[in-house]
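Trainee: Residue numbering for the sequence shown is 3 to 379, as defined by this note's numbering.
The beta carbon of each residue, even a glycine, is placed where N, CA and C say it ideally should be.
The structure under discussion is supplied below as structure tokens; questions concerning it will follow.
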Amino acid sequence: MKKQFFLLLTSASLCLFACNNQDKTKETAAMTFQLTEQPFGTINNDTVTQYTLTNPNGMQVRILNYGGTVTNILVPDKNKTMGDVVLGFDSLAGYLQAGNPYFGCLVGRYGNRIAKGKFSIDGQTYQLTLNNNGNTLHGGVQGLNKVIWKATKQAGDSSLLLTYTSKDGDQGFPGNLSVEVVYTLTADNALQISYAATTDKATPVNLTNHCYFNLSGGKENTILNHEVMIQADQYTAVDTLLIPTGQLPSVKGTPFDFTVAKAIGKEMSAVKGGYDHNWVLNRKGNGLEKIATAYDAGSGRLMEVFTTEPGLQFYTGNFLDGTLQGTKGNTIYPQHAAFCMETQHFPDGPNQPSFPNTILKPGEKYSSVTRYQFSVK
Ligand code: BGC
3 MKKQFFLLLT SASLCLFACN NQDKTKETAA MTFQLTEQPF GTINNDTVTQ YTLTNPNGMQ
63 VRILNYGGTV TNILVPDKNK TMGDVVLGFD SLAGYLQAGN PYFGCLVGRY GNRIAKGKFS
123 IDGQTYQLTL NNNGNTLHGG VQGLNKVIWK ATKQAGDSSL LLTYTSKDGD QGFPGNLSVE
183 VVYTLTADNA LQISYAATTD KATPVNLTNH CYFNLSGGKE NTILNHEVMI QADQYTAVDT
243 LLIPTGQLPS VKGTPFDFTV AKAIGKEMSA VKGGYDHNWV LNRKGNGLEK IATAYDAGSG
303 RLMEVFTTEP GLQFYTGNFL DGTLQGTKGN TIYPQHAAFC METQHFPDGP NQPSFPNTIL
363 KPGEKYSSVT RYQFSVK
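What follows is the structure, given as structure tokens:
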């Protein structure tokens, strides 16, 4: 109701603005969506391009065709001052360095971990490339975060389509997998990401995005004071290597309870290293539902997360340690400099029969939508 009122008010004021400014063509021209591009370096002979989506409010999202990486999200604070709310690097070299902790990128074919990089489908066992303590993380050694996607600007200048075909056997995964991701910047300051995929052999798929958010836009060097709410009564318990045990404990009375918004740092010391877990979302159906929020009181920025997915990896930048080189403006990113809210199916889904299905079959279409909605309060 509140939102409808807000929308009504916004459209009313937009109309007023437009009506009063009919002769000022320059201003009205700036009130449209824009999608521009600029070179961002090369990998071998391939050009890496940075695309900039701008909405009529001046919100901007910048995306690379390399890894489908979101490099910048510029949104206003409560004083209407723009700030960049994601961590990243100043140049392509930063993103290419071995220690890049998946800043802003698309993650696939399988976001999060697959135990020992092994799974079986119809009696056949597949072995993936291993890149995380003998397990496979985020699709393996050369995941979708490390390839150049084909980028196509969409009509209306508010969306960018990225496509990539991962070949049969890529990182050990069966089937040729065609992936389509659409990044859309909306008029009401949301970044919406739509994922789709098809395959010619049964194969696990779990696509997500790995933005590291710090809503203070550089004012706070950690996110421990951000207040987070996660709509989940359970989470997936993990072993010491962050592989799910199959158990889904209740969050009640534990530091994992974010059903009522609280500061990230409030009870985090009781969780070794910080949060790096999958929350089992309370869902009403299969549609796009609001499942999490994050709020930074200093800037007033609020981020609401909507998704069609059953899980959320809430990761508090535990492995950041202040040593990354080439960061934006040479900012030091200490431990907990940012948090990730990776919408997903559960980790190790292919090996956990009780978890939601992650196997895509020929003739089926994988689809998933996540929306990061920004506002102030
Ligand atoms: C994982 C972390 C991992 C990080 C990579 C997260 O999705 O859950 O364990 O370190 O990605 O930067």
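Is the number of C-beta pairs between the stretch 159 to 174 and the stretch 141 to 150 that are closer than 8 Å three or more?
Mentor: A contact exists between the stretch 159 to 174 and the stretch 141 to 150.
Trainee: So lysine 379 and leucine 304 are supposed to be a Cβ contact under 8 Å. How far apart are they, rounded?
Mentor: By one-based count along the sequence shown, residue 379 stands at place 377. By one-based count along the sequence shown, residue 304 stands at place 302. Their Cβ separation, rounded to whole angstroms, is 5 Å, which keeps lysine 379 and leucine 304 in contact under 8 Å.
Trainee: Buried or exposed: glycine 334, going by 16 or more other Cβ atoms within 10 Å of its Cβ?
Mentor: Here residue 334 refers to the residue found at position 332 when the sequence shown is read from its first residue. First, the residue type needs correcting, since residue 334 is isoleucine and not glycine in the sequence shown. Its Cβ having fewer than 16 others within 10 Å, isoleucine 334 is exposed.
Trainee: Where glycine 300 and serine 218 are concerned, what is the direct C-alpha to C-alpha distance, given to the nearest angstrom?
Mentor: Along the sequence shown, read from residue 1 onward, the residue named residue 300 stands at position 298. Along the sequence shown, read from residue 1 onward, the residue named residue 218 stands at position 216. In a straight line, the C-alpha of glycine 300 is about 7 Å away from that of serine 218.
Trainee: Report yes if the C-beta of tyrosine 112 is less than 7 Å from at least one heavy atom of the ligand BGC; otherwise report no.
Mentor: Along the sequence shown, read from residue 1 onward, the residue named residue 112 stands at position 110. For the ligand BGC, not one heavy atom lies less than 7 Å from the Cβ of tyrosine 112.
Trainee: Flag phenylalanine 42 as yes when its Cβ comes closer than 7 Å to any non-hydrogen atom of the ligand BGC, and as no otherwise.
Mentor: Taking the sequence shown and counting its residues from 1, the one referred to as residue 42 is at position 40. No, Cβ of phenylalanine 42 sits at least 7 Å from all heavy atoms of the ligand BGC.
Trainee: Have a look at phenylalanine 316 and glutamate 344 and give me their C-alpha separation to the nearest angstrom.
Mentor: Here residue 316 corresponds to residue number 314 of the sequence shown, with the count starting at 1. Here residue 344 corresponds to residue number 342 of the sequence shown, with the count starting at 1. Each residue's alpha carbon lies about 7 Å from the other.
Trainee: How many angstroms separate the CA atom of glutamate 29 from the CA atom of glutamine 40?
Mentor: Within the sequence shown, numbered from 1, the residue matching residue 29 stands at position 27. Within the sequence shown, numbered from 1, the residue matching residue 40 stands at position 38. Below a pLDDT of 50, predicted positions are generally treated as unreliable, and glutamate 29, at 40, falls in that range; the measurement from the model is reported next regardless. Each residue's alpha carbon lies about 24 Å from the other.
Trainee: For the beta strand (DSSP E) containing alanine 95, list its first residue and its last residue.
Mentor: Within the sequence shown, the letter at position 93 stands for residue 95. Taken as a continuous stretch (DSSP letters only), alanine 95 belongs to no beta strand (DSSP E), being part of the alpha helix (DSSP H) at 94 to 98.
Trainee: Using the DSSP secondary-structure output, state which residues sit across from tryptophan 281 in a beta bridge.
Mentor: In the sequence shown, the residue the question calls residue 281 occupies position 279. BP columns for tryptophan 281 point to Tyr237 and Leu314.
Trainee: Which stretch, first to last residue, makes up the beta strand (DSSP E) that contains isoleucine 266?
Mentor: Translated into positions along the sequence shown, residue 266 becomes position 264. Premise fails: isoleucine 266 is in no beta strand (DSSP E) and is neither H nor E.
Trainee: Could you tell me the alpha carbon to alpha carbon distance between glycine 125 and threonine 201, rounded to whole angstroms?
Mentor: Counting from 1 along the sequence shown, the entry for residue 125 is found at position 123. Counting from 1 along the sequence shown, the entry for residue 201 is found at position 199. Roughly 19 Å separates the two Cα atoms.
Trainee: Determine the DSSP secondary structure at alanine 117, reduced to helix, strand or coil.
Mentor: Sequence index remark: in the sequence shown, residue 117 carries index 115 (1-based). Helix at alanine 117.
Trainee: So, for aspartate 387: in the same chain, excluding its five sequence neighbours on each side, which residues have a beta-carbon less than 8 Å away from its beta-carbon?
Mentor: The requested residue 387 does not occur in the structure, where the chain is confined to residues 3 to 379.
Trainee: Leaving out five residues before and five after asparagine 208 in sequence, what residues of the same chain have Cβ atoms less than 6 Å from its Cβ?
Mentor: What you label residue 208 is simply residue 206 of the sequence shown in a count that begins at 1. Answer for asparagine 208: Tyr112, Gly113, Gln346, His347 and Thr360, listed in chain order.
Trainee: Measure the beta-carbon distance from arginine 285 to proline 312 and round it to whole angstroms, keeping in mind my assumption that it falls under 8 Å.
Mentor: Your numbering for residue 285 matches position 283 in the sequence shown. Your numbering for residue 312 matches position 310 in the sequence shown. About 7 Å separates the two Cβ atoms, so the contact holds.
Trainee: Nearest to leucine 193 by CA position, among Cys213, Ala239 and Asn47, is which residue?
Mentor: By one-based count along the sequence shown, residue 193 stands at place 191. For the residues Cys213, Ala239 and Asn47, the minimum Cα distance to leucine 193 belongs to Cys213.
Trainee: Please classify leucine 76: does DSSP put it in a helix, a strand, or coil?
Mentor: In the sequence shown, counting from the first residue as 1, residue 76 sits at position 74. Three-state result, leucine 76: strand.
Trainee: Rounded to whole angstroms, how far is the Cβ of glycine 282 from the Cβ of alanine 234, which I believe are closer than 8 Å?
Mentor: Start at 1 with the first residue of the sequence shown, and residue 282 comes out as number 280. Start at 1 with the first residue of the sequence shown, and residue 234 comes out as number 232. According to the sequence as given, residue 282 is valine; it is not glycine. Their Cβ separation, rounded to whole angstroms, is 5 Å, which keeps valine 282 and alanine 234 in contact under 8 Å.
Trainee: So, is glutamine 52 buried or exposed, given that buried needs 16 or more other C-beta atoms within 10 angstroms?
Mentor: Here residue 52 refers to the residue found at position 50 of the sequence shown. Its Cβ being crowded by 16 or more others within 10 Å, glutamine 52 is buried.
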